[in-house]
Amino acid sequence: MKYFAKIKYLGTDFHGFQVQPGLRTVQGELCRALSETLGVPVSVTGCSRTDRGVHANEMCITVLAEGASVPPDRLAVAAARYLPPDISVFFAEEAAEDFHPRYDVYGKEYLYKIVNSRTMDPFLVGRA
0 MKYFAKIKYL GTDFHGFQVQ PGLRTVQGEL CRALSETLGV PVSVTGCSRT DRGVHANEMC
60 ITVLAEGASV PPDRLAVAAA RYLPPDISVF FAEEAAEDFH PRYDVYGKEY LYKIVNSRTM
120 DPFLVGRA
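Residue numbers (numbering that gives the first Met the number 0): 0 to 127.
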């Protein structure tokens with residue numbers, strides 16, 4: 000089965016999205032957690048890559064999981080058990096086999112937050 004999912008994560012403790020040997024990455028954590036959730040090896044593809052420390056509020060991914068039997072509408076809740084607290088799957092549905100999250104999108108939106116103040120807002124530490 001191929002799932003389409005939306006995720007969000009705090010990138011502070013990640014070395015970017017893409018798997019890098021020996022480093023904690025979002026894609027690596029997703030592969031580990033979703034393999035546990037679905038009971039089969041998975042392949043995770045993102046709509047883009049993020050650099051070290053970058054957060055994502057709504058990133059689209061696909062999860063290829065041959066032989067998985069978890070219904071798409073239950074994936075987010077099921078995955079929460081295995082995901083670390085800084086990553087969340089908040090939406091999932093079945094994807095067409097030929098869908099690609101990077102090439103089949105209409106556009107992407109990036110938001111850069113820069114604090115321009117003499118004092119720091121503690122709620123923005125690590126987020127701006």
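Positions of the beta carbon are idealized from the N, C-alpha and C atoms, including for glycine. Small disclaimer: the values here were computed from a predicted structure and weren't measured.
Under 8 angstroms between C-beta atoms of residue i and residue j
i	j	result
GLN26	VAL39	no
VAL69	ALA77	yes
ALA75	PHE89	yes
PHE13	ARG48	no
Terminal residues of the alpha helix (DSSP H) in which residue i lies
i	result
THR36	25-37
VAL69	No alpha helix (DSSP H) contains VAL69, which DSSP labels as neither H nor E.
Host beta strand (DSSP E) of residue i (start-end)
i	result
ALA91	86-93
SER42	42-45
GLU108	Element bounds for GLU108: n/a, residue is neither H nor E.
LYS5	1-8
GLU57	55-63
Cut-off 8 angstroms between Cβ atoms - residues of its own chain near residue i, not counting five sequence neighbours on either side
i	result
TYR81	ARG31, ALA32, LEU33, GLU35, THR36
TYR8	VAL25, HIS54, ALA55, MET58, ASP85, ILE86, SER87
Residue i classed as buried or exposed, judged by whether at least 16 other C-beta atoms fall within 10 angstroms
i	result
LYS5	buried
PRO100	buried
ALA91	buried
ALA64	buried
Straight-line Cα distance separating residue j from residue i
i	j	result
PRO83	GLU28	8 angstroms
ARG51	THR61	21 angstroms
LEU22	TYR2	26 angstroms
GLY45	PHE122	28 angstroms
ASN115	VAL124	13 angstroms
GLY73	ASP97	The sequence shown places Arg at residue 73, not Gly. Whole-angstrom Cα-Cα distance: 22 angstroms.
VAL41	ARG117	47 angstroms
THR11	GLU108	20 angstroms
Neighbourhood of residue i by C-beta, 6 angstroms cutoff - its chain only, sequence neighbours within 5 removed
i	result
VAL18	THR24, GLN26, GLY27
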